[in-house]
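Asks: The following block contains the structure, expressed as structure tokens.
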Amino acid sequence: MSNQNASRQTVTSSYALSTIEEIISLLKPDLEKMKIQLTVDIPETYILPADSDLIKQVIMNLMLNSLEAVQPSDSIRIEYRSKNMKDRDFQGIVIKDTGAGIEEKYLDKIFEPFFTTKKDAESKGIGLSLCREIMNQLGGIIEVKSEKGSGSEFSLLFPLSPEEKR
Ligand SMILES: Nc1ncnc2c1ncn2[C@@H]1O[C@H](COP(=O)(O)OP(=O)(O)OP(=O)(O)O)[C@@H](O)[C@H]1O
Ligand SMILES: [Mg+2]
Numbered sequence: 823m824s825n826q827n828a829s830r831q832t833v834t835s836s837y838a839l840s841t842i843e844e845i846i847s848l849l850k851p852d853l854e855k856m857k858i859q860l861t862v863d864i865p866e867t868y869i870l871p872a873d874s875d876l877i878k879q880v881i882m883n884l885m886l887n888s889l890e891a892v893q894p895s896d897s898i899r900i901e902y903r904s905k906n907m908k909d910r911d912f913q914g915i916v917i918k919d920t921g922a923g924i925e926e927k928y929l930d931k932i933f934e935p936f937f938t939t940k941k942d943a944e945s946k947g948i949g950l951s952l953c954r955e956i957m958n959q960l961g962g963i964i965e966v967k968s969e970k971g972s973g974s975e976f977s978l979l980f981p982l983s984p985e986e987k988r
């Protein structure tokens, strides 16, 4: 019997560190080829309030973008972040690279579907629009900070639940 009608159980949280470690192991050949220094600084107990398959797609897209923006000797850092915005508390993770950075005039365009500055045929400008779509679906936000020539920082932030605030 096929199980075509079986729906996937909704998972609502995942340990950030193990999710990130899974992605890093998939990207190991790329990281080694590029000789990129990668640092991960996430508390072992930090849980992302997000389905692990969905958040993995977001983190993977951000990592791929960073890998496309760096050169050997650059670095990528993934760290925990907490932040207060407009009287609301958020926490999540940040993916930072010391790569090419983004021109200011593009910063409000990069999340649009099909916006790309890359010349290769494989780059369609899909990654970040997918990331934003998924983060909306998960009730979180994605933010960017970047300067041409100095690197980029993408934050994935989720509002703190009442239990987390206690
Ligand atoms: N870490 C980064 N460093 C520098 N530029 C970036 C970074 N991440 C995104 N960008 C810029 O944002 C644009 C859009 O990114 P997005 O991931 O949506 O598309 P893409 O990477 O060009 O193509 P695709 O993801 O479909 O392969 C990129 O073309 C690039 O100009
Ligand atoms: Mg991309």
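For what it's worth, my numbering labels the leading residue of the sequence shown as 823, then goes sequentially.
Each residue gets a CB set at the ideal place from its N, CA and C atoms; glycine is no exception.
Spatial neighbours of Leu884 within its chain, please: C-beta separation below 6 angstroms, excluding the five flanking residues on both sides.
Replies: The answer, listed in chain order, is Ile917 and Phe976.
Asks: Please report the Cβ distance between Ile877 and Thr841, rounded to the nearest whole angstrom; I am assuming they are in contact, meaning their Cβ atoms lie under 8 angstroms.
Replies: Confirmed, Cβ separation roughly 6 angstroms.
Asks: Quick check: what's the CA-CA separation for Glu854 versus Lys941?
Replies: Straight-line Cα distance between these residues: approximately 24 angstroms.
Asks: Tell me whether Gly949, by its Cβ, gets closer than 6 angstroms to a heavy atom of ligand 2.
Replies: Correct: Gly949 has its Cβ closer than 6 angstroms to ligand 2.
Asks: Give a yes or no on whether the C-beta atoms belonging to Phe937 and Lys946 are separated by under 7 angstroms.
Replies: No, the pair does not count as a contact, with Cβ atoms beyond the cut-off.
Asks: Looking at Ser888 and Asp852, is the spacing between their C-beta atoms short of 7 angstroms?
Replies: The answer is no: Cβ separation not under 7 angstroms.
Asks: Ordered along the chain, which non-local residues of its own chain (more than five positions away) have a Cβ less than 8 angstroms from that of Pro981?
Replies: For Pro981, where only same-chain residues beyond five positions count, the Cβ hits under 8 angstroms are Arg910, Asp911, Phe912, Gly961 and Gly962.
Asks: DSSP beta-bridge partners for Phe976?
Replies: Paired residue(s): Ile917 and Val966.
Asks: Counting only beta-carbon separations shorter than 7 angstroms, does Asn887 have a partner in chain D?
Replies: As a matter of chain content, chain D is missing from the structure shown, which is built from one protein chain.
Asks: Indicate whether the contact test is met: 3 or more Cβ pairs, each with one atom in the segment 951-960 and one in the segment 899-909, closer than 8 angstroms.
Replies: As far as the Cβ criterion goes, the segment 951-960 does not touch the segment 899-909, which means the pair count is below three.
Asks: State the DSSP-derived secondary structure class of Asn825, mapped to helix, strand or coil.
Replies: At Asn825, the pLDDT of 49 sits below 50, so the modelled position is not reliable; the number obtained from the coordinates is stated separately. Coil at Asn825, not helix or strand.
Asks: Which of the three DSSP states, helix, strand or coil, is assigned to Glu854?
Replies: The answer is helix: DSSP assigns Glu854 an H, G or I state.
Asks: Under 6 angstroms: does the beta carbon of Asn887 sit that close to some heavy atom of ligand 2?
Replies: For ligand 2, at least one heavy atom lies less than 6 angstroms from the Cβ of Asn887.
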